[in-house]
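Heads up: the structure comes next, in C-alpha cells.
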Amino acid sequence: SLFFSSDEREKRLLFLFFFYLFTSTHLSTSNSQVFRAIDSLTGAVVAVKRLPLTTAGSAQALAREVGLLSALSHRHVVRCAAAFAARGHLVLVLEHCAAGSLERPLAPGGGYGPLPEPLAAAIMAQVLSALSYLHSQVR
Numbered sequence: 511s512l513f514f515s516s517d518e519r520e521k522r523l524l525f526l527f528f529f530y531l532f533t534s535t536h537l538s539t540s541n542s543q544v545f546r547a548i549d550s551l552t553g554a555v556v557a558v559k560r561l562p563l564t565t566a567g568s569a570q571a572l573a574r575e576v577g578l579l580s581a582l583s584h585r586h587v588v589r590c591a592a593a594f595a596a597r598g599h600l601v602l603v604l605e606h607c608a609a610g611s612l613e614r615p616l617a618p619g620g621g622y623g624p625l626p627e628p629l630a631a632a633i634m635a636q637v638l639s640a641l642s643y644l645h646s647q648v649r
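For what it's worth, our numbering labels the leading residue of the sequence shown as 511, then goes sequentially.
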C-alpha cells in the first residue's frame, strides 16, 4: 500500500535514507524537490522526488498514478522504482535522467536557442513514441 501507519512511515523513511545516498539537489520548485541519489545496493544513480501531499492530490488519485507509473516500461518514459508517503510528503524513487528534463531546453527564451532540425526531429520522434505508448496503456 502507498500509505502506512505513522510508525511504518518513520521506518520506511529511515530505510529510504539508509538505502539511498543523497548526493545533490537537482531541482527545487515551490512544491517539489528532486534529489540525485545512489542506490546503496546496486550503485545505480536514481532521482528521488519529494512532493507535499497537500499539493500532490487525493490519496486515491496518488495511488492510481503511482500504480500506473510503476507498471510502465518504455525506453522514453521515466521508470518509477518505489513510492510511499512519509512526513507529509509523497516520495517517488525514479529512474535518473542524466540529461535532465526537456523543459529547459525547449522553453521559449529559457532554452539554448533554436534546435537544429535533425535534433528537433529526433526529440519529437522520442516524445511521440512515448506518448503513443502511454495512450496504449490507459484503458
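Glycine is no exception: its CB is placed at the ideal position from the N, C-alpha and C atoms.
Identity of the residue in Val-648, Leu-629 and Asp-549 nearest Ala-592 by Cα: Checked all of Val-648, Leu-629 and Asp-549; the closest Cα to Ala-592 is Asp-549.
Cβ neighbours of Val-588 in the same chain (closer than 7 angstroms, five flanking residues each side left out): Excluding five sequence positions before and after Val-588, the CB atoms of its chain that fall closer than 7 angstroms to its own CB belong to Leu-604, Glu-605 and Cys-607, given in chain order.
Residues sharing a beta bridge with Glu-627, DSSP: According to DSSP, Glu-627 bridges with nothing at all.
Start and end residues, beta strand (DSSP E) containing Arg-546: Start and end: 543 to 549.
Pairwise C-alpha distance: Pro-628 and Phe-545: Each residue's Cα considered, the two are about 32 angstroms apart.
Cβ shell of Pro-659 (< 7 angstroms), same chain only, five flanking positions each side left out: Absent from the model: residue 659. The displayed extent of the chain is 511 to 649, so no value can be given.
Buried/exposed call for Ala-595, threshold 16 Cβ in 10 Å: With a 10 Å radius around the Cβ and a threshold of 16 neighbouring Cβ atoms, Ala-595 comes out buried.
Runs of alpha helix (DSSP H) wholly within the region 563 to 612 (minimum 4 residues, chain order): Runs found: 563 to 566 and 569 to 581.
Expected contact under 8 angstroms - CB spacing of Leu-602 and Cys-590 to nearest Å: Indeed, because the Cβ distance is near 6 angstroms, the residues count as touching under 8 angstroms.
Rounded C-alpha distance that separates Arg-614 from Tyr-622: Approximately 8 angstroms, taken between the alpha carbons.
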